[in-house]
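Everything below concerns the one structure shown next.
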Amino acid sequence: METVKSLILILMGGVLINNYVLQRFLGICPFLGVSKKFSQANGMGIAVIFVMLCATAVTWPIQTYILNAFGLGYLQTIVFILVIAALVQFVEIVLKKFIPALYNSLGVYLPLITTNCAVLGVAINNITDGYNFIESMVSSLGVGLGFWLAMVLFAGVRSRIENSPAPRAFKGLPVTLIAASIVSLAFFGFSGVVEGLLDSIFPTAETAAAALTAVL
Amino acid sequence: MVVLIPALVLLAIALVCAVLLTVSSVFFGVPDDSRAAEIRDALPGANCGACGFSGCDGYAKALSEGKTAEVNLCTPGGDGTARRLAKIMGTEPGEVIERVAYVACGGDCSPNGRKFNYDGPHTCKAANVYFSGDRFCNFACLGYGDCMNVCPRDAISISERGTAEINPKKCIGCGLCVKTCPNGIISLIEDTERIVVKCSNHDKGAKVRRACDVGCIACGKCEKTCPNDAIHVVNNLATIDYEKCTACGACVEVCPVKCIHTENLICGSHFE
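Quick mapping for you: the protein sequence lines, in order, are chains A and B. Residue 46 in my numbering is what sits at position 29 of the first sequence, and the numbering runs on without skipping anything. Residue 189 in my numbering is what sits at position 154 of the second sequence, and the numbering runs on without skipping anything.
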């Protein structure tokens, strides 16, 4: 039960609390660049989820069995960039050959996120947080979903902004950045919520006792 | 040794990646249709969609896959592109009719103010939903710049009197603005033509007169004057039959509201 709870915590943490775009400010470039239309934002989000999962599946073993084994932890960043870039290229070639439909739908987004900092960020943070392989994969999924959520939410916000009469000095990017900051502010409200919710669903001995005394 | 081991490890990882990519590109490689790439290079790359396909890539793909055999669909590219495409495809180039977009609105209703205070989204499309826009003339250019925003070549500007104006020197004739204008007052005219009617109002004369000083009042003077039977009042609006028009300018002289103009529509920026 504890492992399930911690996995759900990691997943929800990635989506809501530590949202990479809105809380850690990683991957801002695609967040502002491809969020103009819902369909594009959706495609980009799905491609990022896909690449994050692939990247974690490769970088975690490399860190654990090669870099840590030789005591070369400091090579982490450069090795991860190299490996992720190569991996994305490889996945692109394979997809083009075997699943052209998926290749066409992911389209230009796949090479676009080859060296995206959110992808690199999740690979490195999984190591820094000391996750095991399963936890790392769940964390990547959560972060990817969080990225997708941020993209899709913001695409909606943006389509409203585009048609609104913003003051001339704020037209275009400035008003978009302000809107992004407000969306980010809204996401700060999630900190603590998920943990509290899970505590009520899966009560530990402590919290149960606390609840009991409160009732009595 | 301190340097050697990390360098070797990095080298090994890089080598594995390189080998993986090379092998996979050899075994899984999908050959690109070289003709499509060649055609794509011959196209201007404006991605305007005037050809009827989704951008230059779409047209190149359609040509290479045999979905269309017409090589003269690219209006922005003009004759030069048609010739190049014909060479690649091994067919006859055919004539490309170079055209320029033209806004048929004199825009003189602004002095009379607006029908109401429009406070919605600043697009013509949205404004047009409310009682055909806030202008007194229902066929007027609304001036919120929908056409300006879709123009791939920045050829359209909103003039001081609040109507869209197209610079024929910059216009590539893609027709995106024609599709965008909610009032349908922009049309593509062959760039060899000289006489244009700068009004789209189909209302009766008196109603036009109330809204605008330079709107066509359907008096029919031009129709009577024209020596070639080229201009007719159709549905309360002077309409030119360009097959008969010789650009003599007789109608321009007699028009009492001066809504017929002599214009130089030679386009300057076709990609030759």
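From the three backbone atoms N, C-alpha and C, an ideal C-beta is built for every residue, glycine too.
- Are there 16 or more other CB atoms within 10 angstroms of the CB of residue 181 of chain A, so buried, or fewer, so exposed? exposed
- Ignore the nearest five residues each way along the sequence and tell me which others in residue 74 of chain B's own chain have a CB closer than 7 Å to its CB. 95, 98, 99, 120 and 123
- Query: Assuming residue 261 of chain B and residue 290 of chain B make a contact with CB atoms under 8 Å, what is their CB distance in whole Å?
  - Reply: So it is not a contact: roughly 11 Å between Cβ atoms.
- Message: Residues of the region 172 to 191 of chain A in Cβ contact with chain B at a cutoff of 8 Å, in chain order, please.
- Response: 180, 181 and 182
- Message: Beta carbons nearer than 7 Å to chain B: which residues of the region 110 to 125 of chain A have them?
- Response: 110, 111, 113 and 114
- Roughly how many angstroms separate the alpha carbons of residue 198 of chain B and residue 177 of chain B, rounded to a whole number? 7 Å
- Query: Going along chain A, which residues have a C-beta under 7 Å from residue 55 of chain B?
  - Reply: 103 and 107
- Item | residue 267 of chain B - partner residues in DSSP beta bridges | B/274
- Task: Identify the contact partners of residue 65 of chain B in chain A, using a Cβ-Cβ distance below 7 Å as the criterion.
- Result: 113 and 114
- According to DSSP, which residues form a beta bridge with residue 223 of chain B? B/136
- Determine the chain B residues that contact residue 87 of chain A at a beta-carbon separation under 8 Å, and present them in chain order. 40, 41 and 44
- Message: Need the endpoints of the alpha helix (DSSP H) that residue 72 of chain A sits in, please.
- Response: 55 to 78
- Quick one, which of A/184, A/214, A/170 and A/211 has its alpha-carbon nearest residue 198 of chain A's? A/170
- Would residue 221 of chain B count as contacting chain A if we go by Cβ distances under 8 Å? no
- Message: Between residue 206 of chain A and chain B, is any beta-carbon pair separated by less than 8 Å?
- Response: no
- Message: For residue 30 of chain A, would you say it is in contact with chain B, using Cβ-to-Cβ distances shorter than 8 Å as the test?
- Response: no
- Item | Span of the alpha helix (DSSP H) around residue 94 of chain A | 93 to 115
- Item | Candidates B/194, B/59, B/295 and B/277, of which the one nearest residue 112 of chain A by Cα | B/59
- Query: How should residue 47 of chain B be labelled, buried or exposed, when 16 other C-beta atoms within 10 angstroms of its C-beta is the threshold for buried?
  - Reply: exposed
- Query: For residue 83 of chain A, which residues in chain B fall below 8 Å Cβ to Cβ?
  - Reply: 44 and 48
- Please determine, among B/103, B/129 and B/138, the residue with the shortest C-alpha to C-alpha distance to residue 113 of chain B. B/129
- Output yes or no for whether 8 Å exceeds the beta carbon distance between residue 64 of chain A and residue 127 of chain A. yes
- Message: the ligand HEM and residue 136 of chain A: does the residue's C-beta get closer than 7 Å to at least one heavy atom of that ligand?
- Response: The ligand HEM is absent from the structure shown, which contains no ligands of any kind.
- Query: Thinking just about the alpha-carbon of each residue, which of A/62, A/100 and A/58 is nearest to the one in residue 53 of chain B?
  - Reply: A/100
- Three-way DSSP call (helix, strand, coil) for residue 176 of chain A in this model: helix
- With 16 as the cutoff for other CB atoms within 10 Å, does residue 214 of chain A come out buried or exposed? exposed
- For residue 46 of chain A, count neighbouring C-beta atoms within 10 Å of its own C-beta (all shown protein chains included) and say buried if the count is 16 or more, exposed if not. exposed
- Query: Per DSSP, residue 59 of chain B is paired with what?
  - Reply: DSSP output for residue 59 of chain B lists no bridge partner at all.
- Query: Hey, is residue 167 of chain B's beta-carbon within less than 8 Å of any beta-carbon in chain A?
  - Reply: no
- Can you pull the chain A residues whose beta carbon is under 7 Å from the beta carbon of residue 52 of chain B, in chain order? 99, 100 and 103
- Span of the alpha helix (DSSP H) around residue 198 of chain A: 190 to 205
- Query: Any chance the region 182 to 190 of chain B sits against the region 236 to 256 of chain B, with 3 or more Cβ pairs inside 8 Å?
  - Reply: no
- Query: Helix or strand or just coil, what does DSSP make of residue 194 of chain B?
  - Reply: coil
- Message: Restricting to Cα atoms, I'd like to know which of A/202, A/22, A/175 and A/73 is closest to residue 191 of chain A.
- Response: A/175
- Hey, could you find the ends of the beta strand (DSSP E) residue 200 of chain B is sitting in? 199 to 201
- Query: In angstroms, rounded to a whole number, what distance separates the CA positions of residue 227 of chain B and residue 281 of chain B?
  - Reply: 11 Å
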